[in-house]
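**Q** As you go down the protein sequences, you meet chains X and B in turn.
Residue numbers for the first sequence follow the working numbering, so the first one is 2 and each next one is one higher.
Residue numbers for the second sequence follow the working numbering, so the first one is 2 and each next one is one higher.
Glycine included, each C-beta is placed from N, C-alpha and C at the ideal position.
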Amino acid sequence: MDFRDTPEEASFRAELRSWLEGALGKDWADQAPTVGRWNEAESRTWSKKLYDAGYVGITWPKEYGGGGHPHEFQGIFLEESARMSAPDHIGGIGLGMAGPTIIAWGTDEQKQRYLQPLLEGTEVWCQGFSEPGSGSDMGAAKTRAVLDGDEWVVNGQKVWSSWAHIADWCILVVRTDPDAEKHRGLSYLLVDMHAPGVEVRPLRQITGDPEFNEIFFTDVRVPRDSILGQPGDGWNVAMTTLLHERGTLGFALTAGLEKAVNRLVQLAKEPGPDGTRPADDPVVRDQIAQFWIDLQGLRFTNYRALTALQKTGVPGPEGSMAKLHWSETNQRLTSFAQSLLGLTSQLDAEGAWWDGFWTYMQLRSRGNTIEAGTSEILRNIIAERVVGLPKSR
Amino acid sequence: MDFAFSPDQELLRAAARDYLADRMPNDRMVSLAESDAGTDPADWKTIAEMGWLDAELGLLEHAVLAEETGYALLPAPWWSTVALTWPLLDDELRGAIATGERSATLAYAEAGGPATIADAATGSTVKASGDSLTGTKVNVPDLTSVSDVVVVAADGLYAVDVAANPGVVVPRSTIDKTRRLGDLHLDGTPARRLDASLDALADVRLRAIALAACEATGVAQRALDIAAAYTKERQQFGRIIGTYQGVSHRVANTFVATQLSRSIAYWAAWAVSAGDAQADLAAASAKATAGENSVFACEQSIQCHGGIGFTYEHVLHRFYKRAQWINAFEGAARTHRAAIADELLGPAA
Chain X
2 MDFRDTPEEA SFRAELRSWL EGALGKDWAD QAPTVGRWNE AESRTWSKKL YDAGYVGITW
62 PKEYGGGGHP HEFQGIFLEE SARMSAPDHI GGIGLGMAGP TIIAWGTDEQ KQRYLQPLLE
122 GTEVWCQGFS EPGSGSDMGA AKTRAVLDGD EWVVNGQKVW SSWAHIADWC ILVVRTDPDA
182 EKHRGLSYLL VDMHAPGVEV RPLRQITGDP EFNEIFFTDV RVPRDSILGQ PGDGWNVAMT
242 TLLHERGTLG FALTAGLEKA VNRLVQLAKE PGPDGTRPAD DPVVRDQIAQ FWIDLQGLRF
302 TNYRALTALQ KTGVPGPEGS MAKLHWSETN QRLTSFAQSL LGLTSQLDAE GAWWDGFWTY
362 MQLRSRGNTI EAGTSEILRN IIAERVVGLP KSR
Chain B
2 MDFAFSPDQE LLRAAARDYL ADRMPNDRMV SLAESDAGTD PADWKTIAEM GWLDAELGLL
62 EHAVLAEETG YALLPAPWWS TVALTWPLLD DELRGAIATG ERSATLAYAE AGGPATIADA
122 ATGSTVKASG DSLTGTKVNV PDLTSVSDVV VVAADGLYAV DVAANPGVVV PRSTIDKTRR
182 LGDLHLDGTP ARRLDASLDA LADVRLRAIA LAACEATGVA QRALDIAAAY TKERQQFGRI
242 IGTYQGVSHR VANTFVATQL SRSIAYWAAW AVSAGDAQAD LAAASAKATA GENSVFACEQ
302 SIQCHGGIGF TYEHVLHRFY KRAQWINAFE GAARTHRAAI ADELLGPAA
C-alpha cells in the first residue's frame with residue numbers, strides 16, 4: 002500500500018499541471034465561476050486542445066488515438082482538472098459510455114471509424130436507452146428496428162437523452178425480435194443523428210436549460226452493419242455501457258465533487274449577503290468539513306475499486322456505490338451552498354451571485370439521483386448483487 | 002499508487018480471521034464479557050505466539066488486525082497495548098509483551114483535567130517522587146485486564162506494574178464489557194520512568210485514532226453481515242423481509258457506510274505509517290467517519306432485526322456498545338471535523 006505517485010505518475014502530473022495552467026491561465030480556479038458552461042463552439046475548441054495535448058482517451062488503446070496509459074493516469078488527469086476547475090470535454094457520453102462499449106464490442110472497422118473523432122470532440126454522442134414507458138426497466142424498450150434489405154428501419158421514441166440536440170451519433174437500444182423473451186429481443190445500433198427521420202425535441206429541465214431531449218425515429222434507415230454485437234445481443238452490450246457508466250465514471254464524479262467542495266470553500270470565505278463570512282460560523286465549518294470527508298470517502302473508495310480491478314480483473318463491490326454516494330452528497334452540498342446566500346440565492350441571471358452558479362448547480366443536482374440509475378435502483382443492486390439479499394421482483 | 006495490502010498482510014488477515022472465527026465465536030466472546038475477569042490469559046499467550054505482539058509489526062499490520070479483532074470483538078487488551086502504548090514502550094516492556102507475559106494500556110485522562118490524549122501532555126496533576134507516583138487517572142481503557150499501565154504524569158511518562166499493585170485499580174461498570182474502563186488511584190505507587198518523552202503522545206494519538214477507525218470498520222462489517230444473514234432468512238407476511246425495499250435499502254445504506262469507513266480508515270493507516278503530509282487530516286477524517294458509521298451500521302442492523310435486536314440476549318448490542326465506545330474515544334466526530342475545517346478554512350474570526 003502506497004498512495005504516493007510513482008516517478009512516472011509524478012512526471013505525468015507535473016506536465017499536466019503546467020499544461021493546464023498555460024492553457025487556462027494560472028488564476029483560472031480562483032476566479033468566481035459564472036454559470037460556467039461554455040457554448041458549443043468553445044467546448045469543441047477546448048476538447049480538441051485537450052486531445053492534441055494527449056489528455057483525452059488517456060487509457061484507450063494507442064491504435065485508436067488513445068494514450069495507452071494505466072487507469073491511474075486517468076485518475077491523475079481528473080484530480081488535476083478538478084484542482085484547476087478545468088472545463089469538461091464536450092463528449093462525456095462518448096468518452097464514458099459509447100467509446101468503451103465500441104472498444105469492447107466493435108469490429109476493427111467500427112473502432113477505426115468512430116473512436117478518433119469521438120476523442121477529438123468533432124463527433125458528439127448521445128444515448129438512446131430510456132423510453133416514455135421504460136426508464137429503469139430498460140428491458141421493456143419498444144422502439145422497433147426491422148431489417149429491410151441491407152438496412153434496419155427504426156421507428157419509436159427515446160427520452161431523457163442528454164446532449165442529443167448537439168449529437169452526431171446515438172447508441173440506440175432497439176427491439177429487433179418482438180417474439181423473443183424481453184431481454185433477448187434487443188439489439189444495439191449506432192445511429193447517425195443527421196439521418197432523415199431523426200427528430201430531436203429539447204426538453205427543458207428544472208434548470209430551464211434544454212440539456213436533455215426526446216428523440217423521435219420515423220422510418221430511419223440504418224446500415225445493417227451499424228450494430229454492436231449480433232442482433233439479440235443488445236441487453237449484454239448495454240450492460241457493458243452501464244458498467245462503464247457506473248464504474249470508471251467514479252473518477253469523474255470525484256473530480257466533479259472536488260470542484261464543488263473547492264467552490265464551497267471559496268464561497269464560505271467571502272463575505273455573504275449580510276457582510277459576515279460563513280466560514281466564521283461553527284455550524285458552517287462542521288458541514289464543510291463533512292463534505293470534504295465525503296469527498297475523500299468517494300476518492301479512496303474509487304482507488305480501492307481500481308486496485309481490485311487491476312489485481313483481480315473484476316470490479317470490486319466498492320464501485321457500485323460511487324454514483325449513489327456522489328449524487329446524494331452533491332445534492333446536500335449544493336443545497337447547503339444556496340443556504341448561505343439568503344434570498345440572493347433565488348436570482349439566476351447576470352448580476353446574481355456568481356451569475357447564478359449555485360442556483361443552477363442546486364437545481365441540476367436533483368437530476369443526479371435519477372439519471373444513470375435512480376438511487377432506488379442502485380440500492381436494489383447493492384442489496385441484491387453485492388450483499389446477496391433475495392431479489393425483490 | 003497502490004491501494005492494496007501486500008500479500009503478507011493479506012495472509013495475516015486470513016490467519017487472524019480463521020483464528021478468531023474458531024477461537025472467539027460469539028458464544029465464547031459473550032461468556033468472557035459476562036465473566037468477572039472479562040478476558041482469558043490463555044488467549045493472550047496464543048496471540049503472542051501468532052506474532053500479533055511482535056515488535057517489528059508496522060502500523061499497516063496493526064490496521065489489518067484491528068479490523069479483524071473489531072469484527073470478532075476480541076475481549077483481550079490487544080488494541081489498548083498496540084494502539085495506546087506502542088511507541089512509548091521501552092525494550093524491557095516490549096520484550097515481555099512480545100512473549101505474552103505482559104500487556105499494557107495508557108492512563109491519560111483525569112477528572113476535570115485532560116480528557117483526551119491530545120490534551121494529556123499538559124495539565125496532569127499526577128506527581129512523581131523518586132520511583133513512585135501519586136495522583137488519580139480516570140477512564141483507563143482495559144485497565145482491569147492489563148499487567149502494566151503507561152501513566153502520563155506532570156513531568157513525563159512512567160510505567161506502573163498494576164499486576165503487582167492490584168489495589169490501585171478501581172474497575173468502573175462499562176457498557177462495553179469487552180473493553181472496560183477503570184480508574185487508577187496512585188498513592189506513592191512504585192513506578193519506572195520511561196525514556197519516551199511527552200511529545201511522543203502526539204504520535205500515539207495519531208496511531209490510536211487510525212487504529213480505532215480500522216477497528217470500527219470491523220465492527221460495522223460485522224453489524225452488516227449479521228443484518229444480511231437475518232434479512233435473508235426471516236419471513237413476515239409470507240415473504241423474506243430482505244425483499245422489502247424498506248428493509249433492503251437499510252442494508253444497502255449500511256454497506257455504503259461500511260465501505261466509506263474502510264476506504265478512509267485505510268487511507269489514515271497508510272498516511273500515519275508513512276508520515277504523509279496529510280496524516281492529521283486523514284486520521285481526523287477516519288475517526289469522524291468510522292466512529293459515526295459504525296454506530297449507524299449497528300443501529301440499522303438492530304432495526305432490521307425488530308424486537309430480537311433490542312434484547313440483551315442477542316449479540317448485536319455488544320457490537321453497538323463497542324461502536325459507541327470508539328465513537329466517544331478521543332473526541333466526538335465534530336471535534337475532528339473542527340480540526341479539518343481549521344485546515345480548509347483557516348481559523349474562525
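So if I threshold CB-CB distances at 9 Å, which residues from the stretch 127-146 of chain B count as touching chain X?
**A** none
**Q** Taking its Cβ as the centre, do 16 or more other Cβ atoms sit within 10 Å of N40 (chain X), making it buried, or is it exposed?
**A** Here the question's residue 40 (chain X) lines up with position 39 in the first sequence. N40 (chain X) comes out exposed.
**Q** For T312 (chain B), which residues in chain X fall below 8 Å Cβ to Cβ?
**A** For this step, residue 312 (chain B) is matched to residue 311 along the second sequence. Going along chain X, no residue has its Cβ under 8 Å from T312 (chain B), so there is no contact; the nearest lies around 23 Å.
**Q** Quick check: the Cα distance between Q111 (chain X) and F301 (chain X), rounded to an integer number of angstroms?
**A** Here residue 111 (chain X) refers to the residue found at position 110 when the first sequence is read from its first residue. Here residue 301 (chain X) refers to the residue found at position 300 when the first sequence is read from its first residue. Going by the C-alpha atoms only, they are around 35 Å apart.
**Q** Tell me which same chain residues have a C-beta within less than 7 Å of the C-beta of E152 (chain X), skipping the five on either side of it?
**A** As a working note, residue 152 (chain X) is residue 151 in the first sequence. Its chain contains R222, V223, P224 and R225 as the residues whose beta carbon lies nearer than 7 Å to that of E152 (chain X), once the 5 sequence neighbours on both sides are disregarded; these appear in chain order.
**Q** Taking T145 (chain B) as the reference, give the member of B:P76, B:A329 and B:G247 with the closest Cα.
**A** Walking along the second sequence from the start, residue 145 (chain B) turns up at place 144. The candidate whose alpha carbon is nearest that of T145 (chain B) is B:P76.
**Q** Could you name the residues of chain X that A289 (chain B) contacts, counting a contact when the two beta carbons are closer than 9 Å?
**A** Reading the second sequence from its first residue, position 288 is the one you call residue 289 (chain B). Per Cβ cutoff of 9 Å: A290, Q291 and I294.
**Q** Here's a check: name, in chain order, each residue in its chain whose Cβ is nearer than 7 Å to the Cβ of G114 (chain B), leaving out the five neighbours to either side.
**A** Counted from its first residue, the second sequence places residue 114 (chain B) at position 113. The answer, listed in chain order, is G124, S125 and T126.
**Q** On the CB-based measure, 16 or more other CB atoms within 10 Å of its CB, does G332 (chain B) come out buried or exposed?
**A** As a first step, residue 332 (chain B) is located in the second sequence; it is residue number 331 there, counting from the start. Buried.
**Q** Would you list, in sequence order, the uninterrupted beta strand (DSSP E) runs of no fewer than 3 residues that lie entirely inside the stretch 206-238 of chain X?
**A** The qualifying runs are 213-224.
**Q** Please confirm whether T1 (chain X) and N303 (chain X) have their CB atoms less than 8 Å apart.
**A** Absent from the model: residue 1 (chain X). The displayed extent of chain X is 2 to 394, so no value can be given.
**Q** With distances taken between CB atoms, is the gap from Y159 (chain B) to L199 (chain B) smaller than 8 Å?
**A** Within the second sequence, numbered from 1, the residue matching residue 159 (chain B) stands at position 158. Within the second sequence, numbered from 1, the residue matching residue 199 (chain B) stands at position 198. No, they are not a contact pair.
**Q** Below 8 Å, can you find three or more Cβ-Cβ pairs linking the stretch 244-261 of chain B to the stretch 4-14 of chain B?
**A** no
**Q** Pull the bridge partners of L75 (chain B) from the DSSP assignment, please.
**A** By 1-based counting over the second sequence, the position of residue 75 (chain B) is 74. According to DSSP, which records beta bridges pairwise, L75 (chain B) is partnered with nothing at all.
**Q** Given a threshold of 16 other Cβ atoms within 10 Å of its Cβ, counted over all protein chains shown, does K288 (chain B) qualify as buried or as exposed?
**A** If you number the second sequence from 1, residue 288 (chain B) lands on position 287. Answer is buried; the Cβ neighbour count reaches 16.
**Q** In the structure shown, what three-state DSSP assignment does G93 (chain X) receive?
**A** Here the question's residue 93 (chain X) lines up with position 92 in the first sequence. The answer is helix: DSSP assigns G93 (chain X) an H, G or I state.
**Q** What is the rounded straight-line gap between the Cα of L25 (chain X) and the Cα of Q288 (chain X)?
**A** Reading the first sequence from its first residue, position 24 is the one you call residue 25 (chain X). Reading the first sequence from its first residue, position 287 is the one you call residue 288 (chain X). L25 (chain X) and Q288 (chain X): Cα-Cα distance of roughly 31 Å.
**Q** Name the DSSP bridge partner or partners of V199 (chain X)?
**A** The residue labelled residue 199 (chain X) in the question sits at position 198 within the first sequence. Paired residue(s): X:F218.
**Q** Compare the C-alpha of I228 (chain X) against each of X:K49, X:Y115 and X:E9 and name the closest.
**A** Locating residue 228 (chain X) in the first sequence gives position 227, where the first residue counts as 1. Here the closest residue by C-alpha is X:Y115.
**Q** For E216 (chain B) and I327 (chain B), which I take to be in contact (beta-carbon distance under 8 Å), what is that distance rounded to the nearest angstrom?
**A** Counted from its first residue, the second sequence places residue 216 (chain B) at position 215. Counted from its first residue, the second sequence places residue 327 (chain B) at position 326. Sure, about 6 Å apart at Cβ, within 8 Å.
**Q** Terminal residues of the continuous alpha helix (DSSP H) containing P42 (chain B)?
**A** Here residue 42 (chain B) refers to the residue found at position 41 of the second sequence. Per DSSP, P42 (chain B) belongs to the alpha helix (DSSP H) from P42 to E50.
**Q** Roughly how many whole angstroms lie between the Cα atoms of I395 (chain X) and A211 (chain B)?
**A** For residue 395 (chain X) there is no data in the structure shown, the boundaries of chain X being 2 and 394.
**Q** Counting only runs that start and end within the stretch 195-261 of chain B, where is the alpha helix (DSSP H) found for 4 or more residues in a row?
**A** Positions of the alpha helix (DSSP H) runs, each at least 4 residues long and wholly inside the stretch 195-261 of chain B, are given as 201-234 in order along the chain.
**Q** Report the residue from B:D44, B:G52, B:A64 and B:V31 whose alpha carbon sits nearest the alpha carbon of A270 (chain B).
**A** Here residue 270 (chain B) corresponds to residue number 269 of the second sequence, with the count starting at 1. The shortest C-alpha separation from A270 (chain B) is found at B:A64.
**Q** Less than 7 Å between C-beta atoms, sequence neighbours within five positions excluded: which residues of the same chain meet that for Y313 (chain B)?
**A** For this step, residue 313 (chain B) is matched to residue 312 along the second sequence. Cβ neighbours of Y313 (chain B) beyond the five flanking positions: none.
**Q** Grouping DSSP H, G and I as helix and E and B as strand, with all else coil, what is L189 (chain X)?
**A** Sequence index remark: in the first sequence, residue 189 (chain X) carries index 188 (1-based). The displayed chain sequence assigns Tyr, not Leu, to residue 189 (chain X). Strand at Y189 (chain X).
**Q** Label A209 (chain B) either buried or exposed according to how many other C-beta atoms from any shown protein chain fall within 10 Å of its C-beta, with 16 as the threshold for buried.
**A** Your numbering for residue 209 (chain B) matches position 208 in the second sequence. Of the residues assessed, A209 (chain B) falls on the buried side of the cut-off, its CB having 16 or more other CB atoms within 10 angstroms.
**Q** With 9 Å as the C-beta to C-beta threshold (strictly closer), list the residues of the stretch 65-95 of chain X near chain B in chain order.
**A** E73, G76 and I77
**Q** Using the three-state DSSP reduction, which class does A121 (chain B) fall into: helix, strand or coil?
**A** By one-based count along the second sequence, residue 121 (chain B) stands at place 120. It is coil, neither helix nor strand.
**Q** Please classify T102 (chain X) as buried or exposed, where buried requires at least 16 other C-beta atoms within 10 Å of its C-beta.
**A** Indexing the first sequence from 1 puts residue 102 (chain X) at position 101. The residue is buried, with at least 16 neighbouring Cβ atoms inside 10 Å.
**Q** Would you mind sorting I104 (chain X) into buried or exposed? The rule is 16 or more other CB atoms within 10 Å of its CB.
**A** Stepping through the first sequence from its first residue, residue 104 (chain X) is reached at position 103. The residue is buried, with at least 16 neighbouring Cβ atoms inside 10 Å.
**Q** What residues from the stretch 282-308 of chain B come within 7 Å of chain X, judged by C-beta to C-beta, listed N to C?
**A** S286, A289 and T290
**Q** Of the residues that make up the stretch 257-272 of chain B, which ones have a beta carbon closer than 9 Å to any beta carbon in chain X?
**A** V257, Q260, L261, S262, R263, S264, I265, Y267, W268, A270, W271 and A272
**Q** Between the beta-carbon of L190 (chain X) and the beta-carbon of A146 (chain X), is there less than 8 Å?
**A** Taking the first residue of the first sequence as 1, we reach residue 190 (chain X) at position 189. Taking the first residue of the first sequence as 1, we reach residue 146 (chain X) at position 145. Going by C-beta atoms, L190 (chain X) is nearer than 8 Å to A146 (chain X).
**Q** What's the C-alpha gap between V273 (chain B) and A99 (chain X)?
**A** Counting from one through the second sequence, the residue named residue 273 (chain B) turns up at place 272. Counting from one through the first sequence, the residue named residue 99 (chain X) turns up at place 98. Cα-Cα distance, rounded: 41 Å.
**Q** Would you say the stretch 175-188 of chain X touches the stretch 231-242 of chain X, given that touching needs at least three Cβ pairs under 8 Å?
**A** yes
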